[in-house]
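Chains A and B supply the protein sequences, listed in that same order. Per the working numbering, residue 66 is the first one in the first sequence, and the count goes up by one each step. Per the working numbering, residue 8 is the first one in the second sequence, and the count goes up by one each step. Cβ coordinates follow ideal geometry from the N, Cα and C atoms, glycine included. Nothing here was measured: the structure is a model prediction, and the numbers come from that model.
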Amino acid sequence: DAGITQSPRHKVTETGTPVTLRCHQTENHRYMYWYRQDPGHGLRLIHYSYGVKDTDKGEVSDGYSVSRSKTEDFLLTLESATSSQTSVYFCAISHGGAGGETQYFGPGTRLLVL
Amino acid sequence: TQLLEQSPQFLSIQEGENLTVYCNSSSVFSSLQWYRQEPGEGPVLLVTVVTGGEVKKLKRLTFQFGDARKDSSLHITAAQPGDTGLYLCAGCFTGNQFYFGTGTSLTVIP
Numbered sequence: 066d067a068g069i070t071q072s073p074r075h076k077v078t079e080t081g082t083p084v085t086l087r088c089h090q091t092e093n094h095r096y097m098y099w100y101r102q103d104p105g106h107g108l109r110l111i112h113y114s115y116g117v118k119d120t121d122k123g124e125v126s127d128g129y130s131v132s133r134s135k136t137e138d139f140l141l142t143l144e145s146a147t148s149s150q151t152s153v154y155f156c157a158i159s160h161g162g163a164g165g166e167t168q169y170f171g172p173g174t175r176l177l178v179l
Numbered sequence: 008t009q010l011l012e013q014s015p016q017f018l019s020i021q022e023g024e025n026l027t028v029y030c031n032s033s034s035v036f037s038s039l040q041w042y043r044q045e046p047g048e049g050p051v052l053l054v055t056v057v058t059g060g061e062v063k064k065l066k067r068l069t070f071q072f073g074d075a076r077k078d079s080s081l082h083i084t085a086a087q088p089g090d091t092g093l094y095l096c097a098g099c100f101t102g103n104q105f106y107f108g109t110g111t112s113l114t115v116i117p
């Protein structure tokens, strides 16, 4: 168990509303990631962070923002949720380094946008 | 455009059979990882390969990294029902960004 929790675990929301998902780690790992997982696409990177207040975009960042004010917390915000953002969202952490580093994943958040 | 292509996408075999899953790319990775994911859970790391041509074994699972570090394979010998799951490969460039393949869903029938 890598000490990663995600909240909420399930959420149903309506189109147009803002939604914030939280990832919390107890491992003091430098890198944190947000992915979404959809059938036929595998896991796709939304945003990642390489330190407090240091974030960068992934391949599917449109419509999402992130914040990291503390090492242990990484927040993902859907600014105005759309049905295309219905997905399973996974947070991951890694210690960082020149490749070969392990990612540890959280249990996921199932989001349904009606 | 998918950076990593996995094949096959679905695989259903009988217990005791052997199988190979492939992960291919036109890009060179600094490392490549294989994960296994069960329904309702996050992926769990099986192995990381770093050196071109590297072969790693984990019980009945054999992982190989291509010489050019663009592709990898996962071979399972004498598959068991407990091997059932979604197998994902992920390539890493420098900078700690990971790119995942589309996954191979394996079902082992008792």
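Check	Outcome
Check this for me: beta carbons of B:Glu12 and B:Asn31, under 7 Å apart or not?	yes
Would you check if there are 3 or more beta carbon pairs closer than 8 Å linking the segment 129-143 of chain A to the segment 89-104 of chain A?	yes
Give a yes or no on whether the C-beta atoms belonging to B:Gln44 and B:Thr55 are separated by under 7 Å.	no
Give a yes or no on whether 7 Å exceeds the smallest Cβ distance from B:Asn103 to chain A.	yes
By Cβ distance below 7 Å, which residues in the same chain neighbour B:Glu22 in space, the five residues on each side in sequence not counted?	Ala86, Gln87, Pro88, Val115, Ile116 and Pro117
Is DSSP giving A:Ser149 helix, strand or coil here?	helix
By the criterion of Cβ-Cβ separation under 9 Å, what are the contact partners of B:Glu48 in chain A?	Phe170, Pro172 and Gly173
Using a Cβ-Cβ cut-off of less than 9 Å, list which residues of the segment 55-68 of chain B approach chain A; keep chain order.	Thr55, Val56 and Val57
Step through the CB atoms of chain B and report whether any lies within less than 7 Å of the CB of A:Thr167.	yes
Step through the CB atoms of chain B and report whether any lies within less than 7 Å of the CB of A:Leu108.	yes
Between the segment 73-81 of chain A and the segment 169-179 of chain A, do at least 3 Cβ pairs fall closer than 8 Å?	yes
For a contact meaning CB atoms closer than 7 Å, what does B:Gly110 contact in chain A?	Gly107
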